[in-house]
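Worksheet: one structure, shown below.
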Amino acid sequence: MSQLAPPLLLFTLVLVVNAYSDRFVEPLAAELGVNSAKVLVYFLRSLIWLSGAWLTTRLINSLLLNPIMGGRGGSPAPRILANSVGAIVFVLTVFGMVRYVFDRPVTGLIATSGVVTIIIGFAIREMIADFFSGIAMNTERPYRIGDYLELEPGLVGRVTELNWRSTRLVTQSNKVVIIPNSNLASRQFINYSLPTSQYRESMELILNFTTDPRRAENILLAAMLASKGLVEHAPHSVKIKSFGERGVCYELRFFLHGYADRANAIDVVARNVLHHLQQAGIPIPYGQQEIFLTRERPRRREVRLSARRLLARIPWLDALNEGELDALAADTIEREFKPGEVIVTEGEPGNSLFVLVEGTLEASTNSNNQREERIGTIKPGQALGEMSFLTGEPRGATVRALTDAYVLQLQREAFEPIVRARPEIAEQLGKIMAKRVMKTQAAMESAHSSDADDFMSRAGQIARSISSLFGL
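What follows is the structure, encoded as structure tokens:
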């Protein structure tokens, strides 16, 4: 209501002055002449009409337009609509002043202005169409400043300005697109920001016909759940879309917080998909021809990566030689877990090491006996339970399966002969694990001597724990 104060004050003041004008108009006419008095009267009456028009415009905006627009879009009436209403009010005010202040007929003025309006309107009909389209756009609010619009495939921009003539968009490549309002009002476009900024994006991927669909869907879903930047707890899904010459086309459907995150989110999902497929031993097919010179052999199915190759990718097992890795791989046990099943529980003792082959796992901790707090996800190729496996410490976190998970389990008894045969492995593993612990705790911020002493102390402590556990 503060917008009504200036025009209301002016209108009231002019009315008061006009009410007492007889007291100073006659003396002024006697002193300066009749014409000067008439000019003053015309001025006061014109000022009444103009201030009244100003007040009327503010009243319409405050009591009619703003409540209607605020109820629909949560913001005041668009400036283009408010200015249009103000222009109409002041045009009518001018006609009223001519008729009632200056006592002149307005019929001729209306006729003349009508002819001029027709001529000008025909000359600038496209601009008029843009003008009224802009009013319609502001009234219906199909988009707002900051929304992302797709005008045609490949042309997406963020709305930065909407005026009476056109709408201005800026693409993600920082190019400006200017579209006349009449053009935009008559075409179909997609608004990625309504009804909310969150929306579903999709990605297509082709896999071989020999790939088990349930296994493929589980791996692809695990890749999406392990991707940062997606909407948590959203109904991400994987669907078979079609069949082609190269194989089965899968459609990955995932939800984003907004269109601005689209490029980064697609990149993260694509990288995770490649990583999960590589860990699972599933290749992405490409155009190829197979020529059989003998009788046709059955096509081979994808097989999971061997335990030997998976163990070789674990950084802290670099201390082992080829023969020792082969011995460990021979003793691994294949395990499968359903979504929600617990692999390890925080605080419990454990003598097993797990290596994730397919799926996604979630690690959480409950240090204060309160609600569990998620601390991260485990992707294919990563191991869990190393400290309990090597030192006998209780499990540091609870790990559950987010999707169907396939893991390799290695018992401590299988590792014991290797450590007994080469006791120096304990010292090497102590240094490797100490570096990991200090990196996690952000203890190695610089190369000060105190950090080096702390590192050697931790390495020695872990090495002694390993030696003690394995009876060295």
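Counting in my numbering, the sequence shown runs from 47 upward without gaps. Positions of the beta carbon are idealized from the N, C-alpha and C atoms, including for glycine.
For my contact list, alanine 447 and glutamate 380 are in at a C-beta cut-off of 8 Å; report their separation, rounded to the angstrom.
Actually they are not in contact, since the Cβ atoms of alanine 447 and glutamate 380 sit about 15 Å apart, beyond 8 Å.
Three-way DSSP call (helix, strand, coil) for phenylalanine 243 in this model:
The question names phenylalanine, but residue 243 in the sequence shown is serine. Correct three-state label for serine 243: coil.
Spatially closest choice to isoleucine 330 from Pro281, Tyr189 and Leu266, by CA coordinates
Leu266
Could you tell me which residues DSSP puts in a beta bridge with asparagine 237?
Leu195
Endpoints, alpha helix (DSSP H) assigned at valine 465
458 to 467
Rounded to the nearest angstrom, what separates leucine 138 and serine 219 at their Cα positions?
47 Å
One question on the structure: do glutamine 325 and glutamate 250 come within less than 9 Å of each other, judged by their Cβ atoms?
no
Beta strand (DSSP E) runs contained entirely in the stretch 217 to 293, provided each spans 3 or more residues:
222 to 226, 245 to 253 and 283 to 289
Expected contact under 8 Å - CB spacing of leucine 356 and glycine 293 to nearest Å:
Between glycine 293 and leucine 356 the Cβ distance is about 25 Å, and since that is not below 8 Å, they are no contact.
Let me know the secondary structure DSSP gives serine 398 once reduced to three states.
strand
Thinking just about the alpha-carbon of each residue, which of Asp377, Thr206 and His282 is nearest to the one in arginine 354?
Asp377
Can you confirm whether the stretch 50 to 66 touches the stretch 97 to 110 when touching is taken to mean that 3 or more C-beta pairs between the two stretches lie within less than 8 Å?
yes
Going by the DSSP bridge assignment, what does isoleucine 424 pair with across the sheet?
Leu407
Work out the CA separation of valine 314 and asparagine 229 for me, nearest whole Å.
37 Å
Quick check: what's the CA-CA separation for glutamate 382 versus valine 222?
53 Å
Same chain, Cβ closer than 7 Å to isoleucine 224, five either side skipped, listed in chain order:
Ser212 and Arg214
With a Cβ-Cβ cutoff of 9 Å, do arginine 190 and valine 205 count as a contact?
yes
Three or more beta-carbon pairs under 8 Å between the stretch 266 to 285 and the stretch 295 to 315, yes or no?
yes
Find out if the Cβ-Cβ distance for the pair phenylalanine 141, valine 131 is shorter than 9 Å.
no
Would the beta-carbon of leucine 407 fall within 9 Å of that of isoleucine 424?
yes
Considering only the alpha carbon of each residue, which of Val319, Leu90 and Lys84 lies closest to alanine 272?
Val319
Please identify the residue among Ser243, Gly431 and Asn64 whose C-alpha is closest to the C-alpha of tyrosine 88.
Asn64
Can you tell me which of the three DSSP states glutamate 470 falls into?
helix
Is the stretch 427 to 436 close to the stretch 355 to 372, with three or more CB pairs under 8 Å?
yes
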